[in-house]
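Numbering (the working numbering), first residue to last: 73 to 369. What follows is one structure encoded as structure tokens, with my remarks underneath.
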């Protein structure tokens, strides 16, 4: 991937140099050319030089974006591959026992039957949450302009045993990558606390607490550098929510606001908490940004 980007950049530089050379050559020739050909050569040369300036602006802009992207997402994710992790689920043992004897292809049904007199046989040995898939769509859009990048989807049960790479995971306590971070980080920036009512809330390292309610759900985005000395370009991103809309809103926030986050946190590890209206995931409110126990917002 790195070689492909380098070869593309080298080709662009060659085009810039060729356009500049042609433009300067035409200007030089114009001095020994009588009118009206002199004016024609100067006009053509100006076009080549103008094209050179546009190409240079595009090149510098692209390099600037690559530099900012590397700083925020880590070079490993941009140059090696983008790994997206989702939690997968199976039926609980007591549910399996109670459903013994039932046809496993008839345990699930379509939410709305579009065609009469049809049968849907649904093989679903493992399940994933629709809101997690929606969140992954937002995250994948972060890298859609980088042609040639390898994308990979992994369930969390596999990812925690193959964590020798950068990844973005979706889901809070439902995703084992969250627990991998909480158990391996020396100073986790947040913790998950049971609320005593069958749910949970988020508590930041500085003691701030964030809970979801019927009107708004909490979303969370965390960046962690697991091996700063051995793998300084490796990043783990947790994109999660206390509730399904919170997860989708957190993914949307990261996809749309990562440059703003970069200006706030630089290259330091951070956790961001947002609140998301239960009715929509695109009207988020920034609640807190915490960097190494220092609250920025």
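Note that the Cβ used here is the ideal one computed from N, Cα and C, for glycine as well.
Residues of the same chain with a CB within less than 6 Å of the CB of residue 238, apart from the 5 flanking positions on each side, are 146, 148, 149, 306, 307 in chain order.
A direct Cα-Cα distance of roughly 17 Å separates residue 361 from residue 273. Cβ-Cβ distances below 6 Å link residue 315 to 284, 289 in the same chain, with the five nearest sequence neighbours on each side left out; the list follows chain order.
For residue 142, same chain residues with a beta-carbon under 7 Å away, outside a window of 5 residues either side, are 150 in chain order. With fewer than three CB-CB distances shorter than 8 Å, the region 260-274 does not count as touching the region 168-188. The shortest CA-to-CA distance from residue 264 to any of 214, 191, 232, 292 is the one to 292. The shortest CA-to-CA distance from residue 346 to any of 334, 333, 321 is the one to 321.
Within 10 angstroms of the beta-carbon of residue 159 lie 16 or more other beta-carbons, which makes it buried. About 5 Å separates the CB atoms of residue 225 and residue 156; that is less than 8 Å, so the two are in contact.
Take the alpha-carbon of residue 341 and the one of residue 140: they are about 15 Å apart.
The alpha-carbon of residue 223 is positioned some 10 Å away from that of residue 152. Here the alpha carbons of residue 191 and residue 248 stand approximately 35 Å from one another. Between residue 179 and residue 196, the CB-CB gap stays under 9 Å. Around the beta carbon of residue 231, 16 or more other beta carbons sit within 10 angstroms, so the residue counts as buried. For residue 194, the secondary structure class from DSSP, reduced to helix, strand or coil, is coil.
Counting along the chain, the unbroken alpha helix (DSSP H) around residue 327 starts and ends at 316-337. Following the DSSP letters along the chain, one finds residue 349 inside the beta strand (DSSP E) bounded by residues 342-349.
The Cβ-Cβ distance between residue 208 and residue 323 falls below 9 Å. Put simply, of 234, 312, 101, 353 the residue whose alpha carbon is nearest the alpha carbon of residue 287 is 353.
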